[in-house]
Amino acid sequence: MDDPTAGLMAVIPVPMAQKLMRLRELRAAQARKTALLRTQEAHAGWADVKRSQTVLDSHREHWRAVEAEGTARMNRPLEHGTVSPQALRDRHDRLGALADRAVALQKDVGLRADMARKQDEAAALAWRAHRQFDQRCGHAARLLDEARNAERREQEALDEQELEDLALMRHAARDFEGS
Numbered sequence: 051m052d053d054p055t056a057g058l059m060a061v062i063p064v065p066m067a068q069k070l071m072r073l074r075e076l077r078a079a080q081a082r083k084t085a086l087l088r089t090q091e092a093h094a095g096w097a098d099v100k101r102s103q104t105v106l107d108s109h110r111e112h113w114r115a116v117e118a119e120g121t122a123r124m125n126r127p128l129e130h131g132t133v134s135p136q137a138l139r140d141r142h143d144r145l146g147a148l149a150d151r152a153v154a155l156q157k158d159v160g161l162r163a164d165m166a167r168k169q170d171e172a173a174a175l176a177w178r179a180h181r182q183f184d185q186r187c188g189h190a191a192r193l194l195d196e197a198r199n200a201e202r203r204e205q206e207a208l209d210e211q212e213l214e215d216l217a218l219m220r221h222a223a224r225d226f227e228g229s
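Heads up: the sequence shown is residues 51 to 229, going by our numbering.
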């Protein structure tokens, strides 16, 4: 007689499917935590960029004010004749230092923006990984369902086989009694 459970064992056993499901759930939870952490880092990175940009903007305003004040002073009528060469050099050096500081601040803003973009990319990758683990978790749930269904069908097939065997034994007993 054909085995009614043939082909049902191709499905993984229920305990193994349960372990796989738990493992996938843990990995999905871990991926979610990682994604949240990367997102927080990206937000912090953009907050750094904003703070750096604010410092740069403030410095530029200060630089413009110093430059305007110096220009106004140079354009005023002089009480004692001409502006000394030392005063011109001092003004030039001060404006040069302010310009150098502005360049350094601009580089800082650029570096922080690059870092924030990389953090955004890392967060996006982490969310993509989380989504993949969620999908794998769903696949594990389907495997678990299939394993449980296969186990149920196997038990039903065994029960049915047992009933058929009992019916055959009863018929055989009746046939034996009748002869």
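Where is the CB? At the ideal position from N, CA and C, for every residue including glycine.
| Query | Result |
| --- | --- |
| Beta carbon of residue 78 nearer than 8 Å to that of residue 221 | no |
| For residue 126, three-class secondary structure by DSSP | coil |
| Three-state class that DSSP yields for residue 63 in the structure shown | coil |
| Helix, strand or coil at residue 164 [DSSP, three-state] | helix |
| Complete beta strand (DSSP E) runs within the segment 145-211 (minimum length 3 residues, chain order) | none |
| Sub-8 Å separation of residue 193 and residue 81 beta-carbons | no |
| Nearest-angstrom Cα separation, counted from residue 149 out to residue 137 | 18 Å |
| The segment 168-179 / the segment 88-99 touching (three or more Cβ pairs under 8 Å) | yes |
| Inter-residue Cα distance where the pair is residue 64 and residue 176 | 31 Å |
| Burial state of residue 159, where buried means 16 or more other Cβ atoms lie within 10 Å | buried |
| Rounded straight-line distance, which links the Cα of residue 152 to that of residue 112 | 10 Å |
| Span separating the alpha-carbon of residue 199 from that of residue 224 | 37 Å |
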